[in-house]
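To keep things clear, I will list the structure first and then write my remarks on it.
Numbering (our numbering), first residue to last: 2 to 501.
And the structure:
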């Protein structure tokens, strides 16, 4: 199974090793350039020291070499060599370390106009041009310098002329013209220096191997430590299910890169929670609201069965069944709209001109059969109401049906339920009034809360969603639903604003 921690650890290790390798290469290159520059500076200084030992006096070219100052050119030494020519042709002198052999001037550099040239020299005898000792079979690398110069004039006019035929000890003399050009070629073996460089290179390689061996377990530990926030986030997400949609991913302490992800997850869960709650409200609301139409249909059907010989009564019963089914159809449509969109807009409503008086009369006529079972009487009063109101017929019918059903269910037995219809300016009001001895002023504050029911009414059928759904429907058509309590009499006020 793919592991993010393992991938991160490997990526970190590889990246660290590559970064170390690049740094090591750059450092090695800079170190090598510095070493070679220092080596060349030393090479030039030695060459200039040899040049300063050459002088011309009284027709003779003299070279006063001091062995004690430059022992590396002594006999038996193999680290440094030099040789001098006159005009690049006649040998003037050579170091004892050459053991009588000659250095080979590089033909490709003889025509250079520069007075001083430095180059790398392969000391492998297989390369004839680059070799300077026939018996040297060791492949070595050297650094060579070629200097062209004129000897300094060492004659003093006031001194008496010396006898140049007998040179001093350690001095080389050769008869030559005053302006003769002297060529000096000096070679210094780079092998000891390269050995030091190789040791540094091996050290870097060893450190790289050690780093590669150590950095992976260190990266694994570091990544696992850093992954604890992801593990905590994973636990928070795992705690979210359909029964715990109120759980959220904790954002405190999360890295900035994960906070936006956690916020998006929380927003998604909040939307999901809202959708599930709407679905549950729809299910409970539908079950609650459909109970009354079904009870009406059953009551009408039982009456019709009892009077099968009365055709007129059967027709009336069938008409009431059709009316109740239409109420159920309208109620289901309204509840479905609310389930899909908790905040209904005008575009989602079915606005039409509604004869509120006629609609209420039909509802009261049907409900009276249910009210008769509790010996209740419904009184309808109409006060100068407009013939039609532009609104959503099904929503107004569903809300009024809910209010009247609650009044029939909770009103004291053998009491009167009043329905008042009136118009005030730009609105129409429907007021349903019934007795409610069990309610108090404190209860009125919770009356419209979902699932709230008075303790005394627990034995009555219902879920406590009726008034909550009714208020939502009233607000959907731009109206409002309010309740007042006066001397144990409750009044439900449904206000319908007139639409242009």
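Glycine included, each C-beta is placed from N, C-alpha and C at the ideal position.
Beta-carbon proximity list for residue i, same chain, < 6 Å, skipping 5 on both sides
i	result
residue 213	18
residue 314	308
residue 421	382, 432
residue 154	57
residue 99	82
Beta-carbon separation (whole angstroms), residue i vs residue j, contact threshold 8 Å
i	j	result
residue 321	residue 301	5 Å
residue 82	residue 62	About 20 Å; that fails the 8 Å criterion.
residue 325	residue 370	Not confirmed; about 10 Å, so no contact.
residue 433	residue 404	4 Å
residue 355	residue 397	6 Å
residue 85	residue 183	6 Å
residue 93	residue 191	Going by Cβ atoms, the distance from residue 93 to residue 191 rounds to 26 Å, so no, they are not a contact pair.
residue 122	residue 144	7 Å
residue 311	residue 274	Not really, about 55 Å apart at Cβ, beyond 8 Å.
residue 469	residue 450	7 Å
Contact set for residue i: own chain, Cβ-Cβ below 7 Å, skip 5 residues either direction
i	result
residue 33	198
residue 228	6
residue 475	400, 481, 482, 495
residue 10	217, 220, 221, 224
residue 428	496, 497, 498, 499
Residue from the options whose Cα sits closest to the Cα of residue i
i	options	result
residue 1	51, 446, 6, 92	Residue 1 falls outside the range modelled here, since the chain spans only 2 to 501, and no answer is possible.
residue 117	185, 304, 480, 484	185
residue 499	255, 391, 104	391
residue 204	257, 29, 472	29
residue 441	426, 490, 95	490
residue 75	200, 88, 95	95
residue 495	478, 488, 487	478
residue 68	97, 475, 318, 92	97
residue 372	333, 352, 245, 415	415
residue 497	37, 430, 439, 449	430
residue 270	31, 250, 256	250
residue 435	37, 180, 485	485
residue 423	244, 449, 153, 382	382
residue 25	425, 208, 469	208
residue 245	277, 12, 232, 255	277
residue 142	154, 194, 78	194
residue 177	55, 306, 329, 323	55
residue 492	426, 233, 439, 418	418
residue 350	306, 14, 443, 334	334
residue 231	4, 488, 469	4
residue 90	35, 48, 149	149
residue 71	46, 234, 60	46
residue 471	87, 395, 412	395
Per DSSP, cross-strand counterpart(s) of residue i
i	result
residue 62	57, 175
residue 185	85, 148
residue 118	147
residue 435	491
residue 391	354
residue 425	428
residue 154	57
residue 91	87
residue 418	379
residue 142	123
Local Cβ density within 10 Å of residue i, reported as buried at 16 or more and exposed below that
i	result
residue 359	exposed
residue 57	buried
residue 473	buried
residue 188	buried
residue 236	exposed
residue 384	exposed
residue 242	exposed
residue 39	exposed
residue 406	buried
residue 281	exposed
residue 196	exposed
residue 303	exposed
residue 375	exposed
residue 52	buried
residue 402	buried
residue 364	buried
residue 409	buried
residue 239	exposed
residue 323	exposed
residue 27	exposed
residue 377	buried
residue 488	exposed
Neighbourhood of residue i by C-beta distance below 8 Å, restricted to the same chain and skipping five residues each side
i	result
residue 352	391, 392, 393, 500
residue 252	260, 263, 264, 267
residue 257	none
residue 44	119, 144, 146, 187, 189
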